[in-house]
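Quick note, the sequences are listed as chains S and A, same order.
Numbering-wise, the first sequence is residues 8 to 239 according to the numbering used here.
Numbering-wise, the second sequence is residues 1053 to 1504 according to the numbering used here.
Backbone N, C-alpha and C define an ideal beta-carbon position, used for all residues, glycine too.
Everything numeric in this text was worked out from a predicted model, so none of it was measured.
Everything on this sheet refers to the single structure shown next.
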Amino acid sequence: MTYLILGILPYFTVLIFIGAMVQRLYVWSKTPQPGAMTLTPAPDGESATFFGVIKDSFLFPGLFKSDRTLWIFAWFFHVTFALIIIGHIRVFTDFPRLWAALGINADRMSAVSGGTAGVIILACAIALFVRRFMLKRVREVSGVPDYFALLLILAVVVSGNIMRFDEHFDLAITRTYFQQLFTFSLSSASMPQNLLFTTHFLLGQVLIMIIPFSKIMHLGGIFFTQALIQKA
Amino acid sequence: MEHAEAAKPIAKKKKPADDLKPKMTGQQLTQEVKDAILAIDKGPRVLKLYMDMCARCGTCAEVCPVYWGEPTELRNPAIRSDLVRSVFKKHKTTSGKLLGGLVGAKDYDGDIQKFVDAFYECTGCRRCATFCPMGIDNSVITRKGRAIADKLGYTPERLQRVIQISLETGNTDGANQAALKETVRFLEEEIKDDCGVDVKIPYDVVGADVFFVPPSGDLLVNPEAVMGIAKVFHKMGISWTLSSKAFDGANYGLFTGDDKSMKEDNKLYVEEAKRFGVKTMMMGECGHAHRIMKFIMEKAGWWGNLPFEITNVLQYTAKLVEDDALKFDKSKNPDPVTYHDPCNFGRSCGIIEEPRIIMKAACADFREMTPNRQYNWCCGGGGGLSAMDEILEFRMNVSGRKKLSQIDDTGAVFCAAPCSNCKRHLGQLMEYHKRDVEIGGVHDMVFRAIVL
C-alpha cells in the first residue's frame, strides 16, 4: 500500500494533472468568442488590459469593495497557499550556498515563515468553511464539491501542520526519496517510513489530481474570464 | 409633464394572440432546451467558461438588486444561472457525468415556466460581473436562457409585441411618420413658447452632418430631453436631422436574446444614415441603443465598414461644456438633483463622467448617489423588465427597492436617468411609493438652463 502511494501514484498524479490541465486550457483557448464582452470602465490598450487582468486575478479588488470580510479570508487563503507551495521546494531540494551567501539560517526561516503560513491558511480555511453554512446566500449556493474541496485542503493543511509543529520530520529523507522518484530509481529503502507523511502526501496528490476536474480549475480559468470582460 | 401626454398620437396595434410565436410543449420542448444548453460546448467561450468557473462564493447575491430586494433562493444569481449550468454539467463535464447530483449536475426538469420567470427576474444589469472575483457576468447566462425560451415561444407576450411593433413601424411605440411630424411641430412650438427662439427640429434632411437617433419615448413621452438637445444643436449651428422612419434606437432583441430580430431592427437605422450621407450617427439618451450601435453592430461589422462615426449626445454636450461653448443659468435649476447611471451607459458603454459634467454645469445642487458610477445599482427595470406591467409588484417591491432608498438618501427632487426604460420604471417607482421626485433625462436640465 505504501509502495503504491509513494512509488507509483506520484507518476499518475503528475500525468493526470498536467494532461487534464493542458487539455482544459487548450479547449478554452480554442473555443470561439464572437463579439466583445467588455465591462466598463475598461483598461485602455493591450498592456493596460494585461495588467488589469493580473491585478484583478491576484488582488480581488471586486471582493475588497463588496465584501471585506470575505476578501480577508479569501486573499490570505490564496496567498498563503501559494507561499506554501513555493516553500515545499525545500522538501525536494535545498540551496545551502544560497542561504550562506544571504546569511540566512534556512531552517529557522522556514520554521517561522512556513509555520506562520500554516496557521494562517488553517484559520482562513476554517473561516471559509464556517461561512459556507452560516450565511444564507452562501449556504444556498454551497454543495458537496464546495465542502469537499475545503475539507480536503483542511486535511492536507492539518497533516502538514502536525509534521511541522508536533513530530518534527527530517527533510533529508524526503530529498533522497524525491531525487530517486524523479530519476525513476526509487528503492524501497529510501521511502519515508512515516504514516503522517504518507497521509499528507496521499491527500496532497488527491487534491492535485482533482484540480482539473473541479472548481479549483478557476486557478487557470480566471485569466480567461477576466480577459473577457476587460478586453475592449 | 402634461403636454407630453398630449403630444402622443400613437396608433397602437392590437393583435390577436395567435399572432405570437407558437409555444412548444412536452417531450420536444425538453429535448430542445437540453440541446440548446449542450450546444454551449461549442462556444461562445464566455458561456463555456461560465459553465465551469463559479467558485460559489456568494458575492453576486450580495451585490444583486433583485436578491437585495427579496432574497429567495432562485433570485440568487448563481442559482438562477444553475438552471442552465447544471444541465451542461450533467452531460458535458467529467465530474458531472461520473457523480451527477453530487456535484450539482441535473437534467433539465421540463419546467419551462420556472425557467422563463427566473430569467425575467434578472435585470441583466451586470453589477455581479463588476464585483465577482472571477468576473463572471451572469447577464450572459440570463440572455442565453431567454434566447432558449424565445426560440420555443416563451418570451413574455408584452415583449414579443414590442418587437413585432418595432419591426413593423421602426419604433417600439408603434407611431407612424405622420405622428412623428406632428410631434416635431408641437415640440418646436413648445420651445418657442418657452424661450421665444425659433429652434428647428429637422427630419429627413439628406446631406445633414448629424443623424440623431433618440429613443422614441424621448419624442413621444418625455420630450424635454430632445428639446434640450435641439437647443444645443441650435446654439452650435449644427446641421442635423431626425428620420421620420427611424426615430427609435430601442431594440428589444437585446433583451429577449433574439439576435436575428436585433439585427433586423437595426438595419433601417444604418440605411437611413447612409441615405442622409451623414458624418455622424449620434445616439440619444438610451443606453442599450448606444450599446447595440457602438459596441455590438459596429464592432461585429454587421453591415461592413460604416461611412460614418457613432457617438452619443452625452459625449457631445459634455465636450461642449468642457470647451466652455455653452452658457447656463443655474438659477433655473436651483433644487437638489441626482443622477442614476443606467446600466448600459455605466457598465457597458463607459459613458460615466459625461452626464455628470453636464448636470454640474446646468444645476445648482448636484448630488451623487451612493454608490455611483460603475458601482451604481440598477433601477430595477433593466433588461426589458420596465415594459412588463404584469410584474409591476415585483419591480416596485423587489427589484426597485434598493434604488428607491438610494434616491431617498440624496434628498433630490429630480433624478436624471438617460434611458427610457429607467425613466418608465423609476417614474412608476416614485408614484407607487408616493415620492415627490421628478424623473427625467440629463438634457431636461440643459433645456431649462441653457442660455441661447
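Open item on the list: Among D1488/A, M1288/A, F1299/A and W1292/A, whose alpha-carbon lies nearest the alpha-carbon of K1272/A?
Closed with: Here residue 1272/A turns out to be Leu, not Lys, going by the sequence shown. When only C-alpha atoms are compared, the closest one is F1299/A.
Task: Helix, strand or coil at I1188/A according to DSSP, with G and I counted as helix - done: The DSSP-derived three-state label of I1188/A is coil.
TODO: Select from the segment 1123 to 1148 of chain A all residues with a C-beta closer than 7 Å to any C-beta belonging to chain S, and list them in chain order.
DONE: For the segment 1123 to 1148 of chain A, which is checked against every Cβ of chain S, the residues closer than 7 Å are P1123, E1125, N1128, A1130, I1131, T1146 and S1147.
Open item on the list: Residues of chain A with CB closer than 7 Å to the CB of F140/S, please, in chain order.
Closed with: Contact annotation for F140/S against chain A: no contact, minimum CB-CB distance about 12 Å [criterion: below 7 Å].
Task: Where the alpha helix (DSSP H) containing M1288/A begins and where it ends - done: For M1288/A, the enclosing alpha helix (DSSP H) stretches over residues E1276 to M1288.
Task: L1504/A - DSSP class collapsed to helix/strand/coil - done: Here L1504/A sits in coil by DSSP.
Task: Residues near W106/S by beta carbon distance below 6 Å, same chain, minus five either side - done: Cβ within range, chain order: A113.
Task: Amino acids of chain S, ordered along the chain, whose beta-carbon sits closer than 9 Å to that of D1189/A - done: For the C-beta of D1189/A, the chain S residues within less than 9 Å are, from N- to C-terminus, M44, L46, T232, L235 and I236.
- [ ] Decide if I236/S is buried, meaning its Cβ has at least 16 other Cβ atoms within 10 Å, or exposed.
- [x] When all chains shown are included, I236/S counts as buried.
TODO: Could you check if R115/S is buried or exposed, using at least 16 other CB atoms within 10 Å of its CB as the buried criterion?
DONE: Exposed is the call here.
Open item on the list: Please state the DSSP three-state secondary structure of A239/S.
Closed with: Three-state DSSP puts A239/S in coil, outside helix and strand.
Task: Beta-carbon contacts of V1258/A that lie in its chain and below 6 Å, excluding the five residues immediately before and after - done: Within the same chain, and ignoring the five residues on either side of V1258/A in sequence, the residues whose Cβ sits closer than 6 Å to its Cβ are F1328.
Open item on the list: With a threshold of 8 Å between beta carbons, is A134/S in contact with chain A?
Closed with: At a cut-off of 8 Å between beta carbons, A134/S makes no contact with chain A.
Open item on the list: Taking a contact to mean a Cβ-Cβ separation below 8 Å, would you say M1345/A touches F1263/A in this structure?
Closed with: Using a Cβ distance threshold of 8 Å, M1345/A and F1263/A do not count as a contacting pair.
Open item on the list: Distance check for G1493/A and M1448/A, CA to CA, integer angstroms please.
Closed with: Straight across, the Cα-Cα distance linking M1448/A with G1493/A is about 21 Å.
TODO: Closer than 6 Å by C-beta to F1466/A: which residues in its own chain qualify, once you throw out the five before and the five after it? Chain order, please.
DONE: Here F1466/A has V1389 and E1490 as same chain residues with Cβ atoms under 6 Å from its own Cβ, once five neighbours each way along the sequence are excluded.
Task: Contact under 8 Å by Cβ, D1311/A with S1291/A - done: D1311/A places its beta carbon 8 Å or farther from that of S1291/A.
- [ ] Would you please verify whether the beta carbon of K72/S is less than 8 Å from any beta carbon of chain A?
- [x] So yes, K72/S belongs to the interface.
Task: One or two residues paired with A1468/A in a DSSP bridge - done: By DSSP's assignment, A1468/A forms a beta bridge with Y1391/A and G1492/A.
TODO: Excluding the 5 residues preceding and the 5 following T206/S in the sequence, name in chain order all residues of the same chain whose CB lies nearer than 8 Å to its CB.
DONE: Hits under 8 Å: S166.
Task: Best match in A1107/A, K1382/A, S1268/A and V1085/A for proximity to V1139/A [C-alpha to C-alpha] - done: Ranked by how close their Cα comes to the Cα of V1139/A, the residues A1107/A, K1382/A, S1268/A and V1085/A have V1085/A in first place.
Open item on the list: Nearest by alpha-carbon distance to G125/S: which of I160/S, V145/S and F102/S is it?
Closed with: The shortest CA-to-CA distance from G125/S to any of I160/S, V145/S and F102/S is the one to I160/S.
Open item on the list: One question on the structure: do A1113/A and F1167/A come within less than 8 Å of each other, judged by their Cβ atoms?
Closed with: Contact: no.
Task: Interface positions of the segment 1089 to 1112 of chain A facing chain S (Cβ-Cβ less than 8 Å), listed along the chain - done: Answer set for the segment 1089 to 1112 of chain A: K1094, G1095, P1096, R1097, V1098, K1100, L1101, Y1102, D1104, M1105, C1106, A1107, R1108, C1109, G1110 and T1111.
Open item on the list: Taking contact to mean 3 or more Cβ pairs, one atom from each stretch, closer than 8 Å, check whether the segment 1149 to 1156 of chain A and the segment 1396 to 1414 of chain A are in contact.
Closed with: Taking a contact to require three or more Cβ pairs closer than 8 Å, the segment 1149 to 1156 of chain A and the segment 1396 to 1414 of chain A do not qualify as touching.
TODO: Determine the burial state of E1241/A: buried for a count of at least 16 other Cβ atoms within 10 Å of its Cβ, exposed for fewer.
DONE: Flag for E1241/A reads exposed.
- [ ] Anything in chain S within Cβ reach of Q1426/A, meaning under 9 Å, just list it in chain order.
- [x] Per Cβ cutoff of 9 Å: L46, T47 and P48.
Task: With 16 other Cβ atoms within 10 Å as the buried cut-off, status of P1185/A - done: By the 10 Å Cβ count, P1185/A comes out buried.
Open item on the list: Taking CB distances under 8 Å as the criterion, tell me whether V151/S reaches chain A.
Closed with: It does; some Cβ of chain A falls within 8 Å.
Open item on the list: Taking its Cβ as the centre, do 16 or more other Cβ atoms sit within 10 Å of K1371/A, making it buried, or is it exposed?
Closed with: Flag for K1371/A reads exposed.
TODO: Go to E1122/A, then tell me how far its beta strand (DSSP E) extends in each direction, as first and last residue.
DONE: Per DSSP, E1122/A belongs to no beta strand (DSSP E) and is neither H nor E.
TODO: Provide the residue span of the beta strand (DSSP E) that contains V1265/A, from first to last.
DONE: Bounds of the beta strand (DSSP E) holding V1265/A are V1262 to V1265.
Open item on the list: Suppose you measure from the CA of K1486/A to the CA of P68/S; what does that come to, to the nearest Å?
Closed with: A direct Cα-to-Cα measurement between K1486/A and P68/S gives close to 38 Å.
- [ ] Starting from F1418/A, follow the beta strand (DSSP E) in both directions and report where the run begins and ends.
- [x] Where F1418/A is concerned, the enclosing beta strand (DSSP E) stretches over D1417 to R1419.
Task: Residue range of the unbroken beta strand (DSSP E) whose run includes N1364/A - done: First-last of the beta strand (DSSP E) with N1364/A: E1361 to N1364.
- [ ] Output, in chain order, the set of chain A residues within a Cβ distance shorter than 8 Å of R144/S.
- [x] Chain A residues near R144/S: G1110, A1113, E1114, Y1119, P1123 and N1128.
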